[in-house]
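Asks: Okay, so the sequence shown: first residue is 96 according to the working numbering, each after it adds one.
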Amino acid sequence: WLSKTKKEVHGVYCTKYSAQRLVIGVVAYDGKNIPLFFFKTGQKIGQDAFYKVLRYNILPWLKTKCPESNYVWNQYGVPSHTSAKC
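Below, the structure written as structure tokens:
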């Protein structure tokens with residue numbers, strides 16, 4: 096496991112703060128799923144941005160694919176997700 100010479104040591108490179116990208120996906124109980132929605136890399140997601148994606152991307156898909164279903168959102172506690180607006 097130990098190297099005897101400097102040439103035997105291989106570097107490991109990693110990014111300290113990699114770019115982060117938020118993705119939203121929806122899966123229905125019967126396996127139907129919406130194509131993933133990708134926010135722009137580094138975009139700040141507030142309640143208005145999150146609401147617009149729900150309202151104009153996800154809700155129309157739900158109404159088309161699952162017209163008679165009740166919807167339950169399972170989200171983590173990010174402020175834009177727990178807003179009364181959403």
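Every residue, glycine too, gets a C-beta built ideally from N, C-alpha and C.
What is the rounded straight-line gap between the Cα of I153 and the Cα of V121?
Replies: As a first step, residue 153 must be located in the sequence shown, where it is residue number 58. As a first step, residue 121 must be located in the sequence shown, where it is residue number 26. Going from the Cα of I153 to the Cα of V121 covers about 8 Å.
Asks: Would you identify the three-state DSSP class for V148, choosing helix, strand or coil?
Replies: Reading the sequence shown from its first residue, position 53 is the one you call residue 148. Three-state result, V148: helix.
Asks: For A123, which residues of its own chain have a beta-carbon under 6 Å away from its beta-carbon, when the five flanking residues on both sides are left out?
Replies: Taking the sequence shown and counting its residues from 1, the one referred to as residue 123 is at position 28. Taken in chain order, the residues that qualify are C161.
Asks: By how many angstroms is the C-alpha of F145 removed from the C-alpha of L188?
Replies: Lying outside 96 to 181, the shown extent of the chain, residue 188 is not represented and no answer is given.
Asks: With distances taken Cα to Cα, identify the nearest neighbour of T136 among Q115, E163, D125.
Replies: Within the sequence shown, the letter at position 41 stands for residue 136. Measuring from the Cα of T136, the nearest candidate turns out to be Q115.
Asks: Suppose contacts are defined by Cβ-Cβ distances below 8 Å. Is F132 in contact with I140 by that definition?
Replies: The residue given as residue 132 occupies position 37 in the sequence shown. The residue given as residue 140 occupies position 45 in the sequence shown. No; because the gap between Cβ atoms is not below 8 Å, this pair is not in contact.
Asks: Roughly how many angstroms lie between the CA atoms of Y108 and Q138, to the nearest whole one?
Replies: On the sequence shown, position 13 is the one that residue 108 refers to. On the sequence shown, position 43 is the one that residue 138 refers to. Their Cα atoms are separated by approximately 26 Å.
Asks: If distances are taken between C-alpha atoms only, which option among W156, K147, R150 comes closest to I129?
Replies: Here residue 129 corresponds to residue number 34 of the sequence shown, with the count starting at 1. Ranking W156, K147, R150 by Cα distance to I129 puts W156 first.
Asks: Just how far apart, CA to CA, sit K147 and G126?
Replies: Walking along the sequence shown from the start, residue 147 turns up at place 52. Walking along the sequence shown from the start, residue 126 turns up at place 31. Cα to Cα, the separation comes out at about 24 Å.
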